[in-house]
Amino acid sequence: MSTAILSALPEEQSSLVQHLAHPQRLMHAGRAFWRGELHNRPVVLALSGIGKVAAATTATALIEHFGVARIVFTGVAGGVGDGVHRGDVVVAQDYVQHDMDASPLFPRWELPGYARSRLACDPVLVAMLSEAANLCVTSASSLWGLKTIHGDAHRAHQGLVASGDRFVSTAQESERLRTALRTAGHDVLAVEMEGAAVAQVCHDYGLPFAAVRTISDRADDEAHGDFAQFVQTVASRYAEHMVLSFLQKL
């Protein structure tokens, strides 16, 4: 059965499409999907769309229409955790929606009907992605001549990622978000806009899910400029390397 590779950005997907054997472009639900093989493994490539609803629609189409066996999500994120720097990689262990608030009916961040705030990723896929991520960051300099951005060696992290329908782009907002979640016991490493929705869809269908995010910025006042530059120079290479390495382990 096929593995779905969700990409957040066209730049990330384009390099994977170039590697596809027997590529077939299909339209469904107003979206383009690419079916083919990578490393002799059947895959379906798709862009998630921006935001939780768009990503949930794409994930549902991959499950219902294409019958994929698992979903792996690559993308970029803002780093909010201690020691998480631009150029690092975060493999999601679980997800929380930072803009979920049905209080006073439910505790803040709890998913109504799920009796929990966090949804876990598949541990087997997480372990495989973590191995691929570690290999990627340790090889970045020798493979592409990429220099460390913050002075220290790039690292691969594993932990909680938060999603919400907002691009966090000020230091004040980032700190407020991190502090509120940490006070509630949610020590978040990174923030983005889609992963938690895909995690919820996969939870509902009982489908294995994992995600890896390259840190493009620190979700602060420089986030917008950092994001655009980083996507062009680093993110697509990281995504390609990690996905191909991951598929070799399946």
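If you're matching positions, the sequence shown starts at 37 in this note's numbering and goes up one per residue.
All C-beta atoms, glycine included, are put in the ideal place defined by N, C-alpha and C.
Counted within 10 angstroms of its Cβ, other Cβ atoms place residue i as buried (16 or more) or exposed
i	result
Lys-88	buried
Ala-220	exposed
Met-136	buried
Gln-236	buried
Gln-54	exposed
Ser-50	exposed
His-101	exposed
CB contact flag (residue i, residue j, <8 Å)
i	j	result
Ala-92	Ala-233	yes
Val-197	Leu-165	no
Leu-243	Thr-39	no
Leu-52	Leu-83	no
His-134	Ser-199	yes
Ala-192	Ala-169	yes
Residue from the options whose Cα sits closest to the Cα of residue i
i	options	result
Phe-69	Val-204, Ile-99 and Gly-221	Ile-99
Ala-151	Met-278, Ala-163, Gly-195 and Val-132	Val-132
His-64	His-75, Asn-76 and Leu-81	Leu-81
Phe-245	Gly-115, Ser-139, Ala-138 and Asp-158	Asp-158
Ser-43	Gly-85, Val-104, Gln-268 and Leu-155	Gly-85
His-190	Asp-124, Val-224 and Ala-168	Asp-124
Thr-269	Thr-215, Phe-203, Arg-122 and Ala-57	Arg-122
Residue i: first and last residue of the uninterrupted alpha helix (DSSP H) it sits in
i	result
Thr-93	88-100
Phe-282	272-285
Arg-191	Premise fails: Arg-191 is in no alpha helix (DSSP H) and is neither H nor E.
Glu-211	207-219
First and last residue of the uninterrupted beta strand (DSSP E) at residue i
i	result
Glu-48	Where Glu-48 is concerned, there is no enclosing beta strand (DSSP E), although the alpha helix (DSSP H) it sits in stretches over 46-55.
Ala-235	Taken as a continuous stretch (DSSP letters only), Ala-235 belongs to no beta strand (DSSP E), being part of the alpha helix (DSSP H) at 231-241.
Distance between beta carbons of residue j and residue i, contact taken as under 8 Å
i	j	result
Ala-275	Ile-251	The Cβ separation is near 13 Å, so there is no contact.
Val-108	Ile-41	6 Å
Gly-343	Asp-253	Given a span of 37 to 286 for the chain in the structure shown, any question on residue 343 remains unanswerable.
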